[in-house]
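Remarks on the structure that follows.
In the numbering used here, the protein residues as written are 35 to 691.
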């Protein structure tokens, strides 16, 4: 096809235009990354082309293109096939890695067949890319442009936040839309079907998405607990075309059974392969499972991928003894789910970049009008907009949840110290503690005690609650690891006390600089704004507010925070330990205290380690996750930083006297 059509100058000009566009509006990089990138080009380009060499095309040379095409013949081809099934027929051994291989010539009749191949009628050159931006002008800045995103549309159906870029000066924008639907997470079956809907839409858009990517546009489409998330980033002048294309496909897709079967099997494999994830990833997952108000587990999703298993799940839970019938998730079921999924929605959106208010509203109209036109979408009720909350552990508790990873030889422990609801001062106390604890935690558990390669600490935040997490993956058994974490906590008590005022202020200054560092990319700034919107906290000035608070924190106040919530004898300590046992470990059969010592003193002494402090309270083993959650309360959600009027209530004006 390429030889018959010959070199096409319009394709070269299109590539040239795209290259110039990429170079002209390239995002800023970190200095270290940029200098390494430039240094790698020294041997490839003359000095005057060092910066632009990889990007710019200069001269159209059809003769060179034709010469290259003439070389692409079957007798010049080399094909590599890799697979375990070839192990028994490969008799040669590669020198350096000992890899078995075999070299075979391609049969002459095969080569002749390839040479005689005719052009397939469905193979054609691509059409000109209509998504390539033609206008790079910056929109005049609104004199009333606010410092932070402003709410420019607040209706029963949507809430639109908008901020015109006044920082980066690029003809780019970022669009984020969260289409909330209760149907998306009502049960494991509907979560699976929502996931398949999203994957089918993305699959149907693949060809168009490639053209968009070439034109400097990208999109993300995914399903969440709330519904469907859509994000578009790139040059602003043609984003409306891509947005309309995605919304049309989402609301009018006709599912292809062949693609459905392939993607459904892909989902099954993805869920099945979870068991092979690293143990520390399992620890993260099970911590979230235990603390989330509602979450469908990986096993529940896998079991409910087929309707027959979903009915087993529901009948066993609500109607024991009832008979069920066998049925698979079908194309028809998923097709019928789309209008139900999108019939009642609420859209939370952020538009940020080289756009004005009118353009932002027009983009929002595309989403709203397409949903209303194709799905007859209506708004959700106020009670359907209430967010889920985090499980609140009881003061003085230590819960242990154990699970086996049958694949890996390593075990993992995540120890989580719940610290309460997010609030400005509490946020800074926790972040400062994390800043100070990071280096000694790694040094103590990884460098000195050499428990394993994966040792990390940090803040965990979810649904308005927060706390300190310490994660270790090791060949040692989880009870031993848990004990060493407790020994470190005891050591860290003295570490805080021994900090000089200068060292403490250095940590404060380091955290302040980190928090106040300006984003180098428009998309990163948008992500920070979106984090406030998705959490419904709307504290767009968080960095300045919290750093101002940080500078007032004293060492004594931080130590009191640690002694009250983290220390082994802390009166309000809320500790949750997730133990992921390797295949060589066994979960204890009973709930006796003897099964959960932090670590026996003689064992620690034999390893030359400092024994951990005695258990302040005996650990409690979590036998049943549902009963565990039912026995505990929930934290309140963090109130919105700014007052947002509700579109659902119209209060009458005060009567005039």
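Ideal placement from N, C-alpha and C gives every residue a C-beta, glycine not left out.
Keep in mind the model is a prediction, meaning the values are calculated, not measured.
Would you list the one or two residues that DSSP bridges to residue 450?
Position 416 of the chain shown, counted from the first residue, corresponds to residue 450. Residue 450 is bridged to 503 and 610.
When the Cα of residue 436 is compared with those of 126, 539 and 320, which residue comes out closest?
Here the question's residue 436 lines up with position 402 in the chain shown. Closest by alpha carbon: 320.
If I measure Cβ to Cβ from residue 669 and keep anything under 7 angstroms in the same chain, skipping five residues before and after, which residues do I get?
Translated into the one-based positions of the chain shown, residue 669 becomes position 635. Cβ neighbours of residue 669 beyond the five flanking positions: 423, 424, 426, 455, 498 and 499.
Would you say residue 463 and residue 550 are within 8 angstroms of each other, going by their C-beta atoms?
Here residue 463 corresponds to residue number 429 of the chain shown, with the count starting at 1. Here residue 550 corresponds to residue number 516 of the chain shown, with the count starting at 1. Their beta carbons are not under 8 angstroms apart, which means residue 463 does not touch residue 550 by this criterion.
In whole angstroms, what is the alpha-carbon distance linking residue 219 and residue 233?
By 1-based counting over the chain shown, the position of residue 219 is 185. By 1-based counting over the chain shown, the position of residue 233 is 199. Their backbone Cα atoms lie some 16 angstroms apart in a straight line.
Please report the straight-line C-alpha distance between residue 147 and residue 166, rounded to a whole angstrom.
Your numbering for residue 147 matches position 113 in the chain shown. Your numbering for residue 166 matches position 132 in the chain shown. When rounded, the distance between both Cα atoms is 40 angstroms.
The alpha helix (DSSP H) spanning residue 300 covers which residue range?
Residue mapping note: residue 300 aligns to position 266 of the chain shown, counting from 1. Run containing residue 300: 291–306, per the alpha helix (DSSP H) assignment.
Identify the continuous beta strand (DSSP E) that holds residue 210 and give its terminal residues.
Along the chain shown, one-based indexing puts residue 210 at 176. Residue 210 -> beta strand (DSSP E) spans 206–214.
Would you mind listing the alpha helix (DSSP H) stretches within the stretch 93–139 that are 4+ residues and don't spill past its ends, in chain order?
Here the runs fully enclosed are 96–105.
Buried or exposed: residue 12, going by 16 or more other Cβ atoms within 10 Å of its Cβ?
Within the shown structure, residues of the chain are numbered from 35 to 691, placing residue 12 beyond reach of any answer.
Taking the CB atoms as reference points, tell me whether residue 449 and residue 611 lie closer together than 8 angstroms.
Start at 1 with the first residue of the chain shown, and residue 449 comes out as number 415. Start at 1 with the first residue of the chain shown, and residue 611 comes out as number 577. Result yes, Cβ atoms of residue 449 and residue 611 sit closer than 8 angstroms.
Let me know the secondary structure DSSP gives residue 219 once reduced to three states.
The residue you call residue 219 lines up with position 185 of the chain shown. Residue 219 falls in the helix class under three-state DSSP.
Measuring alpha carbon to alpha carbon, tell me which residue in 589, 410 and 112 is nearest residue 542.
Taking the first residue of the chain shown as position 1, residue 542 is located at position 508. The shortest Cα separation from residue 542 among 589, 410 and 112 belongs to 589.
Confirm, please, whether the CB-CB distance from residue 471 to residue 491 is below 8 angstroms.
For the purposes of this step, residue 491 is taken as residue 457 along the chain shown, with counting starting at 1. For the purposes of this step, residue 471 is taken as residue 437 along the chain shown, with counting starting at 1. Yes.
If residue 114 and residue 316 are in contact, beta carbons under 8 angstroms, what's the gap, nearest whole angstrom?
Counted from its first residue, the chain shown places residue 114 at position 80. Counted from its first residue, the chain shown places residue 316 at position 282. Wrong, their Cβ atoms sit about 35 angstroms apart, outside the cutoff.
For residue 150, count neighbouring C-beta atoms within 10 Å of its own C-beta (all shown protein chains included) and say buried if the count is 16 or more, exposed if not.
The count along the chain shown starts at 1 and reaches residue 150 at position 116. Looking at its Cβ environment, which holds fewer than 16 other Cβ atoms inside 10 Å, residue 150 is exposed.
Might you give, ordered along the chain, the residues of its own chain that have their beta carbon closer than 7 angstroms to the beta carbon of residue 256, omitting 5 neighbours on each side?
Stepping through the chain shown from its first residue, residue 256 is reached at position 222. Correct list, in chain order: 232 and 263.
Just confirm the distance between the C-beta atoms of residue 414 and residue 217, as a whole number of angstroms; I'd bet it's less than 8 angstroms.
Looking up residue 414 in the chain shown gives position 380. Looking up residue 217 in the chain shown gives position 183. The Cβ separation is near 11 angstroms, so there is no contact.
Pairing CB atoms from the stretch 601–618 with CB atoms from the stretch 469–489, are three or more of them under 8 angstroms?
Short answer: they don't touch.
Cutting at 6 angstroms between CB atoms, please list the residues of its own chain near residue 676, excluding the five before and the five after it.
One-based indexing of the chain shown puts residue 676 at position 642. These residues qualify, in order along the chain: 572.
Just to confirm before moving on: does the CB-CB distance between residue 106 and residue 222 stay below 8 angstroms?
Start at 1 with the first residue of the chain shown, and residue 106 comes out as number 72. Start at 1 with the first residue of the chain shown, and residue 222 comes out as number 188. No. Outside cutoff.
Kindly indicate which residue of 309, 394, 531 and 480 has the alpha-carbon position closest to the one of residue 467.
The count along the chain shown starts at 1 and reaches residue 467 at position 433. Residue 467 has its Cα closest to that of 531, out of 309, 394, 531 and 480.
Assign residue 39 to buried or exposed, taking buried as 16 or more other Cβ atoms, counted over all protein chains shown, within 10 Å of its Cβ.
By one-based count along the chain shown, residue 39 stands at place 5. Flag for residue 39 reads exposed.
So, does the stretch 652–672 touch the stretch 477–487, judging by three or more C-beta pairs under 8 angstroms?
Contact between the stretch 652–672 and the stretch 477–487 is absent, because fewer than three Cβ pairs lie under 8 angstroms.
How is residue 619 classed by DSSP in three states: helix, strand or coil?
Walking along the chain shown from the start, residue 619 turns up at place 585. In this structure, residue 619 counts as coil in the three-state DSSP scheme.
Examine the Cβ distances between the stretch 177–193 and the stretch 366–384 and report whether three or more of them are shorter than 8 angstroms.
With the cut-off at 8 angstroms, the stretch 177–193 and the stretch 366–384 touch.
Can you name the start and end residues of the alpha helix (DSSP H) that residue 517 belongs to?
For this step, residue 517 is matched to residue 483 along the chain shown. Taken as a continuous stretch (DSSP letters only), the alpha helix (DSSP H) holding residue 517 covers 512–532.
For a test of the three-state rule: what should DSSP assign to residue 358, helix, strand or coil?
Taking the chain shown and counting its residues from 1, the one referred to as residue 358 is at position 324. In this predicted model, residue 358 has a pLDDT of only 44, less than 50, meaning its place in the structure is not dependable enough to derive any value.
Just to confirm my understanding: we take residue 627, look at its own chain, exclude 5 residues before and 5 after, and list those with CB closer than 7 angstroms. What are they?
Within the chain shown, the letter at position 593 stands for residue 627. Only weak support exists for where residue 627 lies, its pLDDT of 42 falling under 50; the value from the coordinates is given anyway. Same-chain partners within the cutoff: 652.
Mark residue 397 as exposed unless 16 or more other C-beta atoms lie within 10 angstroms of its C-beta, in which case mark it buried.
Residue mapping note: residue 397 aligns to position 363 of the chain shown, counting from 1. Label assigned to residue 397: buried.
By alpha-carbon positions, which one of 81, 439 and 212 ends up nearest to residue 314?
Numbered from its first residue, the chain shown carries residue 314 at position 280. Considering only alpha carbons, the answer is 439.
Report the partner residues of residue 195 according to the DSSP bridge assignment.
Within the chain shown, the letter at position 161 stands for residue 195. DSSP, once it has assigned bridges, lists 185 and 384 as partnering residue 195.
Buried or exposed: residue 360, going by 16 or more other Cβ atoms within 10 Å of its Cβ?
Translated into the one-based positions of the chain shown, residue 360 becomes position 326. A caution first: residue 360 carries a pLDDT of 44, below 50, which makes its placement in the model unreliable, though a value can still be read off. Answer is exposed; the Cβ neighbour count stays below 16.
Measuring only the C-alpha atoms, how far is residue 600 from residue 613?
Working through the chain shown from its first residue, we reach residue 600 at position 566. Working through the chain shown from its first residue, we reach residue 613 at position 579. Approximately 19 angstroms, taken between the alpha carbons.
Under 8 angstroms between the Cβ atoms of residue 662 and residue 325?
Counting from one through the chain shown, the residue named residue 662 turns up at place 628. Counting from one through the chain shown, the residue named residue 325 turns up at place 291. Contact flag unset, no.
Taking residue 304 as the reference, give the member of 290, 43, 267 and 229 with the closest Cα.
Translated into positions along the chain shown, residue 304 becomes position 270. Cα-wise, what sits closest to residue 304 is 229.
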